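**Student:** Chains A and B, in that order, give the protein sequences. Convert by adding 9 to the 1-based position in the first sequence; the result is the number in this note's numbering. Convert by adding 623 to the 1-based position in the second sequence; the result is the number in this note's numbering.
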Amino acid sequence: KNQVEQSPQSLIILEGKNCTLQCNYTVSPFSNLRWYKQDTGRGPVSLTIMTFSENTKSNGRYTATLDADTKQSSLHITASQLSDSASYICVVSGPYGQNFVFGPGTRLSVLP
Amino acid sequence: DTEVTQTPKHLVMGMTNKKSLKCEQHMGHRAMYWYKQKAKKPPELMFVYSYEKLSINESVPSRFSPECPNSSLLNLHLHALQPEDSALYLCASSQRLAGGDMGGANVLTFGAGSRLTVL
Numbered sequence: 010k011n012q013v014e015q016s017p018q019s020l021i022i023l024e025g026k027n028c029t030l031q032c033n034y035t036v037s038p039f040s041n042l043r044w045y046k047q048d049t050g051r052g053p054v055s056l057t058i059m060t061f062s063e064n065t066k067s068n069g070r071y072t073a074t075l076d077a078d079t080k081q082s083s084l085h086i087t088a089s090q091l092s093d094s095a096s097y098i099c100v101v102s103g104p105y106g107q108n109f110v111f112g113p114g115t116r117l118s119v120l121p
Numbered sequence: 624d625t626e627v628t629q630t631p632k633h634l635v636m637g638m639t640n641k642k643s644l645k646c647e648q649h650m651g652h653r654a655m656y657w658y659k660q661k662a663k664k665p666p667e668l669m670f671v672y673s674y675e676k677l678s679i680n681e682s683v684p685s686r687f688s689p690e691c692p693n694s695s696l697l698n699l700h701l702h703a704l705q706p707e708d709s710a711l712y713l714c715a716s717s718q719r720l721a722g723g724d725m726g727g728a729n730v731l732t733f734g735a736g737s738r739l740t741v742l
C-alpha cells in the first residue's frame with residue numbers, strides 16, 4: 010500500500026534554533042517527493058521538490074535530503090523564525106495516473 | 624502567472640442552500656483537483672480532472688458536484704450540505720496527473736483555500 014509517514018507529529022523549538030523533520034514513504038515506483046509548508050487556514054506552498062536522482066536541495070533556510078534506497082527524506086530548517094510556525098507536509102508522487110500521496114504533516118511551533 | 628485562485632475565501636451556508644466554489648489557473652495545467660481539509664489533518668482528495676474530464680472521484684457524496692467548464696476553471700457545486708462538511712476546501716493543479724516521466728517538473732500548486740461553514 011502506498012503510504013507516507015512523518016515524524017515528529019509536532020515540534021516546539023525556540024527562535025533561532027535548527028530542526029529536522031522526517032518523512033518515510035512506501036510509494037513505489039517513485040517519481041518525486043515534495044515538501045510543503047501550510048500556514049493555518051491557508052493552502053500549502055511548495056518548498057522543495059526532489060526526484061529519484063537528487064540527494065539534497067536547498068531553498069533559503071530550508072534544506073531537503075532524499076535517500077531513495079531507504080525511502081526516507083528530511084527537511085532541515087536552520088535559524089528558525091517565528092514565521093516558520095506552520096504544518097509541514099511531505100507529498101510523494103508515484104505511478105502515473107495515481108494520486109499524490111500525502112503524509113499527515115508535522116506541526117512546528119517556533120517560540121520567541 | 625503561477626497562481627491558483629479560489630473564490631470565495633469564506634462561505635457560510637445553510638443546509639438547504641445551493642452555492643458554488645470556484646477555482647482558476649492560467650499556468651496551462653491540465654490536471655485540476657479538489658481537496659477537503661479538516662483541522663489538523665492533511666488534505667483529502669475529492670475529485671481529479673484530467674484534460675477537462677473527471678478522472679478520479681473518491682466516493683464523494685452527491686451533494687458535492689464538480690464541474691470543469693474549460694482547462695482553466697474548476698467549480699465545486701454544493702447542495703444540501705451537512706454541518707460535518709464544514710472544512711477548508713483546497714483547489715490544486717498540476718501539469719499532468721501525478722507520476723509519469725515528468726520527474727520534478729510536475730508540481731502540485733494549491734490555491735489559498737475556501738473556508739466553508741455549514742450551519
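Glycine included, each C-beta is placed from N, C-alpha and C at the ideal position. Values in this document were obtained by computation on a predicted structure and should not be read as measured data.
Taking the straight line between their C-alpha atoms, what separation do you get for Phe-61/A and Met-655/B?
**Tutor:** 24 Å
**Student:** What residues in its chain sit with their C-beta under 7 Å from that of Ser-694/B, if we drop five residues either side in the sequence?
**Tutor:** Cβ within range, chain order: Arg-653 and Glu-675.
**Student:** Quick one: is Pro-17/A buried, meaning 16 or more other Cβ sit within 10 Å of its Cβ, or exposed?
**Tutor:** Exposed is the label assigned to Pro-17/A, since fewer than 16 other Cβ atoms lie within 10 Å of its Cβ.
**Student:** Would you mind sorting Leu-117/A into buried or exposed? The rule is 16 or more other CB atoms within 10 Å of its CB.
**Tutor:** buried
**Student:** DSSP on Asp-48/A, reduced to helix/strand/coil?
**Tutor:** Note: Asp-48/A maps to coil in three-state DSSP.
**Student:** Check the C-beta distance from Gln-15/A over to Gly-114/A and give it rounded, since I have them as a contact under 8 Å.
**Tutor:** 6 Å
**Student:** Between the stretch 627-661 of chain B and chain A, which residues of the former have CB atoms less than 7 Å from a CB of the latter, in chain order?
**Tutor:** none
**Student:** Ser-94/A to Val-119/A, Cα distance in whole Å?
**Tutor:** If you take the alpha carbons of Ser-94/A and Val-119/A, they lie about 5 Å apart.
**Student:** What does a CB cutoff of less than 7 Å around Val-627/B pick up in its chain, not counting 5 residues either side in sequence?
**Tutor:** Hits under 7 Å: Cys-646, Gln-648, Cys-714, Ala-715, Ser-716, Thr-732, Phe-733 and Gly-734.
**Student:** Which residue's Cα is closest to the Cα of Gly-637/B: Ala-721/B, Ser-737/B, Pro-706/B and Arg-738/B?
**Tutor:** A check of alpha carbon separations from Gly-637/B across Ala-721/B, Ser-737/B, Pro-706/B and Arg-738/B identifies Pro-706/B as the nearest.
**Student:** Mapping DSSP to helix, strand and coil, what is Ser-737/B?
**Tutor:** strand
**Student:** Kindly provide the ranges of any beta strand (DSSP E) runs that are 3 or more residues long and lie completely inside the stretch 642-695 of chain B, ordered along the chain.
**Tutor:** Within the stretch 642-695 of chain B, the runs of beta strand (DSSP E) that reach at least 3 residues and sit entirely inside it are, in chain order, 654-660, 667-673, 676-680 and 687-693.
**Student:** How would you call Ser-635/B, buried or exposed, if buried means at least 16 neighbouring beta carbons within 10 angstroms?
**Tutor:** It should be pointed out that residue 635/B corresponds to Val in this sequence rather than to Ser. Label assigned to Val-635/B: exposed.
**Student:** Helix or strand or just coil, what does DSSP make of Ser-92/A?
**Tutor:** Three-state result, Ser-92/A: helix.
**Student:** How would you call Ser-92/A, buried or exposed, if buried means at least 16 neighbouring beta carbons within 10 angstroms?
**Tutor:** By the neighbour-count rule (16 or more Cβ atoms within 10 Å), Ser-92/A is not buried but exposed.
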